[in-house]
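Quick note: to get this note's numbering, add 443 to the position in the sequence shown (first position is 1). Ideal Cβ positions, reconstructed from N, Cα and C, are used throughout, including at glycine. Below you'll find the structure, written out as structure tokens, and then a few comments.
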Amino acid sequence: MRKFLITIFLISHFSHAMSLSDDSFRGVNIGMPFAEAIHTLKDYESDKIAYQLEFETEDIDCYHLYPTQNADLPIFMILSEVVVRIEVRSNLVLTQRGVTVESSKKDILSAYKNPKIRVHPYDFERGEYIEVSLSNGNGIIFETLDDIVTSFRFGTDPAIKYIEACV
């Protein structure tokens with residue numbers, strides 16, 4: 444009975460999970476203009492106005508689209524009015540090869556060939572960045588702590604390499 448319940452839980456969890464393709468999520472493609480993306484993403488809002496107020500300028504080149512209804516959905520980075528990155532902090536979203544938040548380093552290494560592994564810039568002892576280059580020119584950076592994925596970001600280079608939001 445216990446195995447049955449665990450199996451049902453896992454099936455239920457993964458049946459609700461959503462998958463990224465190698466260039467999009469829910470109809471929003473890397474490289475898509477902002478106007479198209481915000482039209483496609485019904486329950487998202489931009490933080491551009493907040494940045495304009497904070498920095499007292501109209502000239503904001505980089506900002507994000509945040510989900511308004513479900514915080515487990517990804518965040519989209521906009522640079523020069525184009526979607527350049529998708530940020531995932533929940534196991535609700537999987538890569539095309541099934542890796543997600545809470546996956547292991549071993550899962551990444553099994554799913555992707557020849558990733559670049561480097562020390563996490565903020566957690567030198569326990570954290571790593573595992574960078575994967577995709578055949579279409581996009582990439583994924585998985586952040587791990589103690590060999591478990593804590594978040595990942597997917598998109599164009601150099602946007603996926605920005606550590607602090609747009610920097």
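Which residue wins for smallest C-alpha separation from residue i, given the options the options?
i	options	result
residue 589	579, 544, 577 and 609	544
residue 527	518, 546, 485 and 487	518
residue 520	568, 555 and 487	487
residue 537	482, 489, 565 and 583	583
residue 587	602, 577 and 567	567
residue 473	602, 553 and 556	602
residue 548	531, 569 and 529	569
residue 608	522, 533 and 546	522
residue 604	491, 529 and 512	529
residue 490	508, 577 and 465	508
One question on the structure: do residue i and residue j come within less than 8 Å of each other, judged by their Cβ atoms?
i	j	result
residue 581	residue 597	yes
residue 585	residue 524	no
residue 622	residue 535	Since the first residue shown for the chain is 444 and the last is 610, residue 622 is missing from the structure and cannot be characterised.
residue 564	residue 606	yes
residue 461	residue 469	yes
Hey, residue i and residue j are a contact pair by Cβ (cut 8 Å); roughly how many whole angstroms apart?
i	j	result
residue 542	residue 471	With 8 Å as the limit, residue 542 and residue 471 do not qualify as a contact, their Cβ atoms being about 20 Å apart.
residue 463	residue 539	6 Å
residue 555	residue 531	So it is not a contact: roughly 15 Å between Cβ atoms.
Let me check one thing: in DSSP terms, what residues is residue i bridge-paired to?
i	result
residue 476	525
residue 481	Beta-bridge pairing links residue 481 to no other residue.
residue 505	522
residue 605	Looking at the DSSP assignment, residue 605 forms no beta bridge with any residue, so it has no partner.
residue 531	595
residue 516	According to DSSP, which records beta bridges pairwise, residue 516 is partnered with nothing at all.
residue 569	Residue 569 is not bridged to any residue.
residue 547	591
Whose C-beta lies closer than 6 Å to the C-beta of residue i among residues of the same chain, with five residues either side of it excluded?
i	result
residue 551	542, 573 and 585
residue 571	560, 563 and 587
residue 456	Model confidence at residue 456 stands at a pLDDT of 42, short of 50, so the residue's coordinates are unreliable and nothing is read from them.
Below 7 Å CB to CB, which residues in the same chain sit around residue i once its five sequence neighbours on both sides are set aside?
i	result
residue 510	486, 487 and 516
residue 600	582
residue 479	none
residue 512	486
residue 466	472, 473, 579 and 581
Residues in its own chain within less than 8 Å of residue i by CB, not counting five upstream and five downstream?
i	result
residue 481	487, 489 and 508
Using a beta-carbon distance below 8 Å, is residue i in contact with chain C?
i	result
residue 551	No chain C is part of this structure, which consists of one protein chain only.
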